[in-house]
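In the UniProt record's numbering, the protein residues as written are 1 to 270.
Right, here's the structure in full:
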């Protein structure tokens with residue numbers, strides 16, 4: 001079987017490495033490649049994918065919402081979220097799923113066992129934010145708060161969250177147990193942080209969905225402030241494992257996937 005990940009830019013993606021580690025551990029001869037799809041050329045996506053005869057593909061920034069008009073069907077979660085990160089191709093039909101949110105929550109449960117009791121703030125209102133907010137809503141006893149520079153974007157969401165202007169986050173941050181950055185700020189060696197976390201309460205678990213760099217400026221600032229931090233590696237692993245299971249109806253080797261990615265990240269730090 002043949003798979004891929006589409007995005008722009010895509011050179012930073014460790015998805016091919018992770019999935020090939022899984023294939024190897026299961027003694028499967030599947031293929032997986034990274035495809036850089038410029039938004040200007042996205043209208044050619046059907047022919048691009050068809051030429052490669054793929055059985056499925058992952059979707060990353062900035063195409064998680066852009067892909068939807070090209071799909072034949074959506075899973076209930078993907079339809080509610082309005083963002084897709086996994087597409088299964090079956091008998092010529094493209095079916096969209098969202099494994100971002102469930103992947104992040106699955107990993108976070110191990111780090112924060114009483115996740116259902118936590119008061120949670122999500123920063124950013126893009127596709128990943130929607131997936132995570134939706135997954136958290138299914139288990140949380142409290143409303144999920146989402147902060148963004150432009151709150152109008154939240155009006156288009158098909159499920160309810162509590163909106164908060166990004167400028168008001170720091171003055172309200174003490175009421176939360178977990179803060180999750182879902183914006184791409186901090187990727188590609190950027191030294192900028194979405195917020196100034198100096199002096200925030202130390203009980204807050206500070207999370208970032210980025211996994212490379214392993215510690216973003218956002219997480220570094222939190223760590224130096226004395227907060228526990230949690231990056232996006234587990235989300236990346238679990239969403240990938242769930243994608244594989246959607247494509248093949250077989251269980252992925254999560255340990256092999258995580259071991260290979262960690263090995264790469266550690267080697268790049270040296």
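From the three backbone atoms N, C-alpha and C, an ideal C-beta is built for every residue, glycine too.
Looking only at DSSP bridge pairs, what is residue i linked to?
i: residue 97; result: 86
i: residue 2; result: 31
i: residue 179; result: 121, 206
i: residue 36; result: 7
i: residue 230; result: 207
Anyone know if the C-beta pair for residue i and residue j falls short of 8 Å?
i: residue 12; j: residue 38; result: no
i: residue 4; j: residue 256; result: no
i: residue 105; j: residue 87; result: no
i: residue 98; j: residue 124; result: no
i: residue 55; j: residue 89; result: yes
i: residue 15; j: residue 34; result: yes
i: residue 207; j: residue 181; result: yes
i: residue 186; j: residue 143; result: no
i: residue 202; j: residue 227; result: yes
i: residue 178; j: residue 204; result: yes
i: residue 52; j: residue 230; result: no
Could you give the distance in angstroms between the alpha-carbon of residue i and the alpha-carbon of residue j?
i: residue 103; j: residue 197; result: 26 Å
i: residue 159; j: residue 80; result: 7 Å
i: residue 130; j: residue 263; result: 30 Å
i: residue 18; j: residue 237; result: 8 Å
i: residue 271; j: residue 41; result: Because the chain here runs from 1 to 270, residue 271 falls outside it and cannot be looked at.
i: residue 184; j: residue 215; result: 13 Å
i: residue 76; j: residue 83; result: 11 Å
i: residue 44; j: residue 241; result: 28 Å
i: residue 138; j: residue 157; result: 16 Å
i: residue 2; j: residue 92; result: 14 Å
i: residue 24; j: residue 155; result: 44 Å
i: residue 10; j: residue 170; result: 33 Å
i: residue 57; j: residue 32; result: 9 Å
Please classify residue i as buried or exposed, where buried requires at least 16 other C-beta atoms within 10 Å of its C-beta.
i: residue 175; result: exposed
i: residue 100; result: buried
i: residue 209; result: buried
i: residue 165; result: exposed
i: residue 234; result: buried
i: residue 224; result: exposed
i: residue 29; result: exposed
i: residue 252; result: buried
i: residue 64; result: buried
i: residue 162; result: exposed
i: residue 200; result: buried
i: residue 47; result: exposed
i: residue 258; result: buried
i: residue 78; result: buried
i: residue 150; result: exposed
Go to residue i, then tell me how far its beta strand (DSSP E) extends in each direction, as first and last residue.
i: residue 80; result: That residue, residue 80, is in no beta strand (DSSP E); its alpha helix (DSSP H) goes 76-81.
i: residue 162; result: 162-165
i: residue 56; result: 56-59
So residue i is in the alpha helix (DSSP H); what residue range does that whole segment cover?
i: residue 145; result: Here residue 145 belongs to no alpha helix (DSSP H); instead the beta strand (DSSP E) covers 145-148.
i: residue 16; result: 15-25
i: residue 71; result: Careful: residue 71 lies outside any alpha helix (DSSP H) and carries neither H nor E.
i: residue 194; result: Careful: residue 194 lies outside any alpha helix (DSSP H) and carries neither H nor E.
i: residue 130; result: 127-137
i: residue 252; result: Taken as a continuous stretch (DSSP letters only), residue 252 belongs to no alpha helix (DSSP H), as it is neither H nor E.
Just to confirm, does residue i get its C-beta within under 7 Å of one of the non-hydrogen atoms of the ligand MN?
i: residue 234; result: Absence of the ligand MN is noted for the structure shown, with no ligands found whatsoever.
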